[in-house]
Amino acid sequence: MTTGSLLAGTRAVVVGGSSGIGLATTRLLAADGCRVTIAARGEDRMASVVALLAAEGLSIGSVACDTMVEKDIAHAVDVASEGERLDIAITVPGGGTPMKVLDYECDAFSAEVDKNVRPVYMLLHYAAPMMTNGGSFVAVSSTAAVFSTRGLASYRAGKAAVDALVDVAADELGERNIRVNSVRPGLTRTESTARMFENPELLSRFLEQQAIDRGGEAEDIAHAIRYFAGPESSWVTGQHLTVDGGHTLRAMPDMRPPRP
Numbered sequence: 020m021t022t023g024s025l026l027a028g029t030r031a032v033v034v035g036g037s038s039g040i041g042l043a044t045t046r047l048l049a050a051d052g053c054r055v056t057i058a059a060r061g062e063d064r065m066a067s068v069v070a071l072l073a074a075e076g077l078s079i080g081s082v083a084c085d086t087m088v089e090k091d092i093a094h095a096v097d098v099a100s101e102g103e104r105l106d107i108a109i110t111v112p113g114g115g116t117p118m119k120v121l122d123y124e125c126d127a128f129s130a131e132v133d134k135n136v137r138p139v140y141m142l143l144h145y146a147a148p149m150m151t152n153g154g155s156f157v158a159v160s161s162t163a164a165v166f167s168t169r170g171l172a173s174y175r176a177g178k179a180a181v182d183a184l185v186d187v188a189a190d191e192l193g194e195r196n197i198r199v200n201s202v203r204p205g206l207t208r209t210e211s212t213a214r215m216f217e218n219p220e221l222l223s224r225f226l227e228q229q230a231i232d233r234g235g236e237a238e239d240i241a242h243a244i245r246y247f248a249g250p251e252s253s254w255v256t257g258q259h260l261t262v263d264g265g266h267t268l269r270a271m272p273d274m275r276p277p278r279p
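In case it helps, my numbering puts the sequence shown at residues 20 to 279.
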């Protein structure tokens with residue numbers, strides 16, 4: 020892989036960096052000279068990612084981390100910052116179980132919301148104090164944060180909470196020159212969405228409501244995260260960048276008259 024130096028001398032932690040969007044983001048950051056530490060569960064998997072990127076000429080570090088465990092997040096930040104300074108913090112994980120809105124047990128609903136917003140807050144809580152020269156914090160949200168998706172109440176609530184947290188954090192931390200933004204992916208090919216991509220009928224129904232006739236790839240989202248992470252966005256904070264092929268453009272059926 021061709022490497023650059025735009026991020027040379029910077030340090031980053033990517034929570035959830037061993038697969039999908041996180042891995043694609045790690046690759047871009049490392050290719051621009053950033054010292055990246057990925058934090059995820061599955062030490063064998065992380066070792067294989069480290070080896071994969073090494074074969075591409077990219078050197079990264081790794082640390083075992085359960086994204087719901089506070090001490091693990093704190094430790095990941097300590098490792099990535101080398102106890103000195105952190106410049107970039109990115110958090111990817113989240114998710115939800117499809118279910119009708121009244122079918123959740125109350126505790127289960129709260130747990131699913133927590134799964135989306137708790138890792139974001141914990142990383143922000145520990146990473147921001149280490150951004151002593153300013154920095155960039157990027158959370159992966161979702162287009163589900165901004166429009167209704169039947170069956171995904173807990174997921175939408177969690178991602179909407181992420182974006183609300185981003186707004187306030189950006190407002191408060193700007194005085195420290197810490198930028199806080201989120202990226203809202205549309206339907207993107209990852210392990211968790213493989214079922215949709217492997218179902219032509221389901222995928223076709225989804226793409227009918229989208230301007231660009233293809234699903235997203237992890238790299239599409241990674242480039243948006245990379246923009247927020249780097250100096251190109253030094254005057255951008257509190258923003259939510261939607262990367263969805265135009266899916267959120269449409270709220271109505273096609274009303275165009277038929278061609279003569």
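We put the CB at the ideal spot given by N, CA and C, even for glycine.
Which runs of the alpha helix (DSSP H) at least 4 residues long sit entirely within the region 61 to 124? Give them in chain order.
Runs found: 62 to 74, 89 to 100.
Is residue 239 buried or exposed, if buried means 16 or more other CB atoms sit within 10 Å of its CB?
The residue is buried, with at least 16 neighbouring Cβ atoms inside 10 Å.
At which residue ranges does the region 175 to 211 contain complete beta strand (DSSP E) runs of 3 or more residues, listed in the order of the chain?
With a minimum length of 3 residues, the continuous beta strand (DSSP E) runs that stay inside the region 175 to 211 are 197 to 204.
Count the other CB atoms within 10 Å of the CB of residue 138; is the residue buried (16 or more) or exposed (fewer)?
When all chains shown are included, residue 138 counts as buried.
Whole angstroms are fine: how far does the CA of residue 160 sit from the CA of residue 266?
Straight-line Cα distance between these residues: approximately 15 Å.
Could you compute how far the alpha carbon of residue 264 sits from the alpha carbon of residue 225?
Distance between the alpha carbons of residue 264 and residue 225: 11 Å.
So what does residue 171 bridge to, in DSSP terms?
Note: residue 171 sits in a beta bridge opposite 118.
Go to residue 31, then tell me how far its beta strand (DSSP E) extends in each direction, as first and last residue.
30 to 34 is the extent of the beta strand (DSSP E) around residue 31.
Rank 217, 228, 80 by C-alpha distance to the C-alpha of residue 34 and give the top, closest one.
Nearest option by C-alpha distance: 80.
In terms of DSSP beta bridges, what is residue 157 paired with?
Per DSSP, 109, 200.
Is the beta carbon of residue 99 less than 9 Å from the beta carbon of residue 82?
Yes, Cβ-Cβ distance for residue 99 and residue 82 is below 9 Å.
Grab the span of the alpha helix (DSSP H) containing residue 5 for me, first residue to last.
With the chain covering 20 to 279 only, the question about residue 5 has no answer from this structure.
Thinking C-beta only, is residue 44 closer than 9 Å to residue 162?
In this structure, residue 44 does not lie closer than 9 Å to residue 162 by Cβ.
I'd like the list of long-range same chain contacts for residue 255, defined as Cβ closer than 8 Å, with 5 residues on each side in sequence excluded.
Counting only Cβ-Cβ distances below 8 Å, and skipping sequence neighbours, we find 198, 200, 247.
So what does residue 146 bridge to, in DSSP terms?
None, per the DSSP bridge assignment.
Under 8 Å by Cβ, that's how I've got residue 96 and residue 32 pegged, so tell me the actual separation to the nearest angstrom.
That belief holds up - the Cβ atoms of residue 96 and residue 32 are roughly 6 Å apart, short of 8 Å.
Under the criterion of a Cβ to heavy atom distance below 8 Å, does residue 258 qualify as lining the ligand PLP?
This structure simply doesn't include the ligand PLP, nor any ligand for that matter.
Using a C-beta cutoff of 9 Å, does residue 268 count as contacting chain D?
The chain inventory of the structure shown lacks chain D, comprising one protein chain alone.
Answer yes or no: do residue 171 and residue 117 have a C-beta to C-beta separation smaller than 9 Å?
Result yes, Cβ atoms of residue 171 and residue 117 sit closer than 9 Å.
Within its chain, find whatever has a CB closer than 8 Å to the CB of residue 209; leave out the 5 residues flanking it on each side and keep chain order.
Result list for residue 209: 38, 39, 40, 237, in chain order.
Taking 9 Å as the threshold (C-beta atoms), are residue 26 and residue 48 in contact?
For residue 48 and residue 26, yes; Cβs fall inside 9 Å.
The beta strand (DSSP E) with residue 58 in it runs from where to where?
That run of the beta strand (DSSP E) goes 54 to 59.
Which residues does DSSP pair with residue 262 in a beta bridge?
Bridge partners of residue 262: 204.
Do residue 126 and residue 87 have their C-beta atoms within less than 9 Å of each other?
No.
Do you know how far the Cα of residue 241 is from the Cα of residue 29?
About 18 Å.
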